[in-house]
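Engineer:
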Amino acid sequence: MQQETLSLARQASTSATLNQSLHWISILMRLSIGTLFLCAAIVKTPLGIPGIVAYYSSLLDKSLLPEFLVRGHAALILFFEYGLAIWLFCGWQLRWAWKVAGVLLVSLAIGMIFAGKNDVASANYIYVLLCAVGLFASGSDRWVIAG
Numbered sequence: 017m018q019q020e021t022l023s024l025a026r027q028a029s030t031s032a033t034l035n036q037s038l039h040w041i042s043i044l045m046r047l048s049i050g051t052l053f054l055c056a057a058i059v060k061t062p063l064g065i066p067g068i069v070a071y072y073s074s075l076l077d078k079s080l081l082p083e084f085l086v087r088g089h090a091a092l093i094l095f096f097e098y099g100l101a102i103w104l105f106c107g108w109q110l111r112w113a114w115k116v117a118g119v120l121l122v123s124l125a126i127g128m129i130f131a132g133k134n135d136v137a138s139a140n141y142i143y144v145l146l147c148a149v150g151l152f153a154s155g156s157d158r159w160v161i162a163g
């Protein structure tokens, strides 16, 4: 009986330590990917929407991607980057935030593959992996907005 009690206490202690670690992993992932999106948006802001569209169009003009898709993505990317940064920082509906961030990063990686920038695409896929880690750890994150 005493052995079982000690075993249960040890399991509870291990579970608490794991949850504490996952909490901090989630916080670090939110800061990492949130600042990635925020800084990417800040760098693009001086160009304005027309400048971003022109840059994306010139980068992908000889690719197989349809022009309307490139222009649409380029016109919206600034809003998505600012929005996702704020969303990750505030912690509201984190599981959805991580899923949206991952999909956006995959779309950016695909664009970079079509642009012939495989090194940038590879980095984006590493960011997708970080989103998966954030998604995994988000259940233990205690610094969230309920909703």
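So for the sequence shown, the numbering used here puts the first residue at 17; every next one is plus one.
All C-beta atoms, glycine included, are put in the ideal place defined by N, C-alpha and C.
1. Could you compute how far the alpha carbon of Trp159 sits from the alpha carbon of Val144?
2. Would you call Asn140 buried or exposed, if buried means 16 or more other Cβ atoms sit within 10 Å of its Cβ?
3. Can you look up Asp77 in the DSSP assignment and give me helix, strand or coil?
4. When burial is assigned at 16 or more other CB atoms within 10 Å of the CB, is Asp157 buried or exposed?
5. Note the first and the last residue of the continuous alpha helix (DSSP H) segment covering Asp135.
6. Between Leu120, Asp135, Trp114, Ser23, which has its C-alpha nearest Gly155's C-alpha?
7. Does the segment 70-89 come within contact of the segment 117-137, defined as at least 3 CB pairs closer than 8 Å?
8. Of all the beta strand (DSSP E) runs that stay within the bounds of the segment 51-103, which reach a length of 3 or more residues?
9. Contact defined as beta carbons within less than 8 Å: I believe Ala131 pairs with Leu76. What is the distance between those atoms, to the nearest angstrom?
10. If distances are taken between C-alpha atoms only, which option among Leu92, Ala148, Val149, Val122 comes closest to Val136?
Structural biologist: Let me lay it out:
1. Here residue 159 refers to the residue found at position 143 when the sequence shown is read from its first residue. Here residue 144 refers to the residue found at position 128 when the sequence shown is read from its first residue. Looking at the two C-alpha atoms, the distance is approximately 22 Å.
2. Start at 1 with the first residue of the sequence shown, and residue 140 comes out as number 124. That one is buried.
3. Sequence index remark: in the sequence shown, residue 77 carries index 61 (1-based). It is coil, neither helix nor strand.
4. For the purposes of this step, residue 157 is identified with residue 141 of the sequence shown, where counting begins at 1. A buried status is given to Asp157, since no fewer than 16 other beta-carbon atoms sit within 10 Å of its beta-carbon.
5. Position 119 of the sequence shown holds residue 135. Note, Asp135: alpha helix (DSSP H), 134-153.
6. The count along the sequence shown starts at 1 and reaches residue 155 at position 139. If we check each option's Cα against that of Gly155, Trp114 comes out closest.
7. Yes, the segment 70-89 touches the segment 117-137.
8. For the segment 51-103, not a single whole beta strand (DSSP E) run of length 3 or above is found.
9. One-based indexing of the sequence shown puts residue 131 at position 115. One-based indexing of the sequence shown puts residue 76 at position 60. Between Leu76 and Ala131 the Cβ distance is about 5 Å, and since that is below 8 Å, they are a contact.
10. Start at 1 with the first residue of the sequence shown, and residue 136 comes out as number 120. If we check each option's Cα against that of Val136, Val122 comes out closest.
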